[in-house]
Amino acid sequence: MTSRLFTKYNRPGSRYTVYPTIPYWDPDSFSKESWVQSLTHSLNEYSDEGISLYIHLPFCDSLCTFCGCNKRITLRHEQEMPYIRAVLKEWHSYLNIFPKTPSIKEIHLGGGTPTFFSMDNLKILIEGILEPVHLAENPEFSFEAHPKSTSRTHLHGLYNLGFRRISLGVQDYDKSIQLALNRVQPLWLVKRVHDYARELGYTINHDLIYGLPNQTIERNRPTLEITESLKPDRIAFYSYAHVPWRKGVGQRAFDELDLPKNAEKRAIFEAGRQFFKDHGYKEVGIDHFVLPGDELAKAAETGRMRRTLNGYSTTQNKIRLGLGMSSISESGDGFAQNTLDLEEYQQKAETGELPLIRGHISTTKDQLLARHINELMCYFETDLPEEPILKADILSDLKEMQEDEILIIDHDRITVTETGRPFVRNVCMAFDQRMKESSREMMFSQTV
Ligand SMILES: C[S@@+](CC[C@H](N)C(=O)[O-])C[C@H]1O[C@@H](n2cnc3c(N)ncnc32)[C@H](O)[C@@H]1O
Ligand code: SF4
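Sequential numbering of the sequence shown, starting at 16, is according to our numbering.
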């Protein structure tokens with residue numbers, strides 16, 4: 016792979032988990048009234064699908080220097096219950112708004128560290144969420160687990176509440192990298208949680224990251240080998256997102272010069288990609304590897320996979336409600352985000368006010384472009400839109416990438432080539448009319 020392309024195309028760009036991307040949401044399109052209207056409409060229209068709930072649990076007991084998530088570092092466990100009360104209050108505010116009681120298709124506990132919370136408190140949370148509603152057919156409950164804080168009690172208790180998928184934060188097993196990440200977690204610690212989760216019958220996901228400080232292909236190899244030997248059902252091999260300007264992120268704790276960049280960073284991914292494929296994993300989307308037979312593999316094969324804020328998903332439902340500080344909700348044609356401030360979140364949720372800070376109601380054109388971007392991020396392929404002006408605009412932006420063999424266009428079908436895969440986010444940018452029409456330069460992580 017030529018380093019010329021990396022120098023040319025590696026630039027700031029969205030990760031395209033939603034479209035329009037948050038910095039380009041249109042504040043004029045959004046109000047609490049329009050948000051409620053959009054949710055009500057979707058619930059009336061698609062109530063059979065059930066809704067997904069994302070619950071953000073923001074506390075962690077120490078700061079990992081690579082982390083780009085919205086979290087609060089604390090050792091004060093007495094904060095758990097007030098937070099849970101606020102989340103349940105927020106949930107009830109939504110239930111009061113909804114024209115009918117929704118059924119629950121999916122619950123995902125993310126963070127922060129959900130297993131920072133005691134099992135007793137998580138039980139109060141989940142029972143409180145489920146008490147006023149019923150479950151859709153084949154519900155999917157999952158949670159993110161830090162190996163250090165996930166006990167047998169957590170694994171057992173969450174299993175009894177219906178959780179069947181666990182995402183273990185591994186990142187990299189190399190000791191010197193773990194020291195730079197302020198996250199020393201030996202193999203035995205991960206294995207203990209992994210083995211017990213297996214025994215109970217969970218589907219297991221391991222999160223790895225490439226592009227970490229001091230990481231090289233050679234240094235990453237043992238991580239690949241250990242991961243493969245444990246045979247998780249899914250492996251997410253994320254690109255390290257360097258966003259040190261974001262509030263609450265500790266990414267200035269290591270030297271930026273130690274970060275592998277451009278072709279060197281991508282080579283670490285390529286080595287992992289080859290390794291997992293050689294060991295029976297199927298590549299899915301931009302950064303996932305799954306065992307054949309896994310639900311995500313089946314969804315990918317049948318075109319049912321989609322990219323969401325929580326990674327790739329097999330569910331199709333339109334309403335994805337985000338509860339908790341900083342969570343993002345989707346209604347089908349709109350988005351809303353909760354405040355990133357913990358105290359403000361709790362105070363507003365407690366008083367029954369939706370703790371929103373921003374949102375966007377999508378136009379028909381937004382929805383069309385979102386579909387194309389989703390296809391690219393899932394399958395590296397999409398059609399050109401039919402509308403002539405839009406099509407001409409996108410084509411003119413794709414021309415140079417076509418000349419650089421990043422993609423081919425055949426009968427209005429765009430296919431990202433093998434050479435072009437690292438630059439799929441750049442290809443998506445050609446479809447990002449909101450970004451192109453705006454004069455604002457936004458801060459994003461690099462596309463590679
Ligand atoms: C909310 S975090 C983790 C859950 C749990 N707190 C833990 O650390 O294990 C979910 C995953 O996001 C990924 N992640 C966090 N910060 C990242 C970054 N800056 N770039 C890429 N991936 C990141 C990590 O792989 C992490 O396991
Ligand atoms: S990686 Fe997980 S444990 Fe570490 S700071 Fe981020 S959310 Fe907390």
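Note that beta-carbon positions come from the ideal geometry of N, C-alpha and C, so glycine has one too.
Less than 8 angstroms between the CB of residue i and some heavy atom of ligand 2, yes or no?
i              : result
threonine 462  : no
leucine 78     : yes
glycine 184    : yes
isoleucine 192 : no
lysine 86      : yes
methionine 393 : Note that residue 393 corresponds to cysteine in the displayed sequence, not to methionine. Because no heavy atom of ligand 2 lies under 8 angstroms away, the Cβ of cysteine 393 does not count as near it: no.
cysteine 75    : yes
Which class does residue i belong to by DSSP, given the choice of helix, strand or coil?
i                 : result
glutamate 396     : strand
lysine 246        : coil
histidine 375     : strand
aspartate 63      : helix
tyrosine 255      : coil
valine 299        : strand
leucine 336       : strand
alanine 282       : helix
glutamine 331     : coil
tyrosine 69       : strand
glutamate 345     : strand
alanine 351       : strand
valine 205        : helix
phenylalanine 269 : coil
Comparing C-alpha positions only, which one of the options sits nearest to residue i?
i                 : options                        : result
threonine 432     : Asp447, Asp356, Ile372, Phe395 : Phe395
phenylalanine 131 : Asp293, Glu243, Phe74          : Phe74
leucine 439       : Leu72, Arg19, Arg30            : It is worth fixing the name first, because residue 439 is valine in this sequence and not leucine. Comparing Cα positions, the closest option is Arg30.
phenylalanine 81  : Pro437, Ala286, Pro259, Glu390 : Pro259
glycine 326       : Pro114, Asn25, Leu110, Glu159  : Glu159
glutamate 243     : Lys292, Thr430, Tyr61, Ser18   : Lys292
methionine 134    : Thr116, Ser166, Lys115, Leu103 : Ser166
isoleucine 429    : Met392, Thr462, Ser328         : Met392
tyrosine 69       : Asp248, Ile144, Tyr296         : Ile144
phenylalanine 178 : Lys23, Met96, Glu105, Lys138   : Lys138
asparagine 136    : Leu103, Asp348, Glu285         : Leu103
lysine 23         : Leu399, Ala278, Gln362         : Ala278
aspartate 270     : Tyr255, Asn229, Cys79          : Asn229
glycine 337       : Glu48, Arg26, Tyr109, Leu78    : Tyr109
glutamate 316     : Lys406, Gly300, Lys414         : Gly300
isoleucine 241    : Ala251, Ala268, Leu202, Thr231 : Leu202
aspartate 348     : Tyr61, Asn153, Glu368, Asn220  : Tyr61
aspartate 248     : Asp210, Met96, Ala256, Pro154  : Asp210
valine 148        : Gly125, Gly127, His107         : His107
glutamate 64      : Lys414, Pro97, Ser118, Ile37   : Ser118
glutamate 105     : Gly367, Gly172, Gly287         : Gly367
With distances taken between CB atoms, is the gap from residue i to residue j smaller than 9 angstroms?
i                 : j              : result
leucine 215       : tyrosine 174   : yes
isoleucine 372    : asparagine 353 : yes
arginine 234      : isoleucine 181 : no
phenylalanine 304 : arginine 236   : no
aspartate 43      : arginine 449   : no
aspartate 273     : threonine 238  : no
threonine 330     : glutamate 121  : yes
aspartate 14      : threonine 218  : Since the first residue of the chain shown is 16 and the last is 463, residue 14 is not available in this structure.
glycine 339       : histidine 71   : yes
serine 254        : tyrosine 225   : yes
alanine 195       : tyrosine 360   : no
leucine 20        : proline 437    : yes
leucine 410       : leucine 399    : yes
serine 18         : arginine 198   : no
glutamine 186     : cysteine 79    : yes
proline 27        : threonine 379  : no
serine 341        : tryptophan 50  : no
tyrosine 39       : serine 454     : no
leucine 369       : alanine 351    : yes
If you measure from the CB of residue i, is any heavy atom of ligand 4 nearer than 8 angstroms?
i           : result
leucine 170 : Ligands present in the displayed structure are limited to ligand 1 and ligand 2, and ligand 4 is not among them.
Any heavy atom of ligand 1 closer than 8 angstroms to the CB of residue i?
i             : result
cysteine 82   : yes
glutamate 159 : yes
tyrosine 69   : no
glycine 300   : no
valine 199    : no
glycine 127   : yes
valine 148    : no
alanine 256   : yes
Please tell me whether residue i has its Cβ less than 9 angstroms away from any Cβ of chain D.
i           : result
leucine 227 : You won't find chain D in this structure, because it holds only one protein chain.
Only counting runs of 4 or more residues, tell me where the alpha helix (DSSP H) segments fall wholly within the region 119-199, in order along the chain.
Counting only runs of 4 or more, we get 134-145, 167-175, 190-195.
Uninterrupted beta strand (DSSP E) stretches inside the region 398-456 (no shorter than 3 residues):
Complete beta strand (DSSP E) runs here, min 3: 422-425, 428-431.
Taking only runs of the alpha helix (DSSP H) that begin and end inside the region 211-248, which ones reach a length of at least 4 residues, in chain order?
The DSSP assignment places 232-245 as complete runs of the alpha helix (DSSP H) inside the region 211-248, in order along the chain (cut-off: 4 residues).
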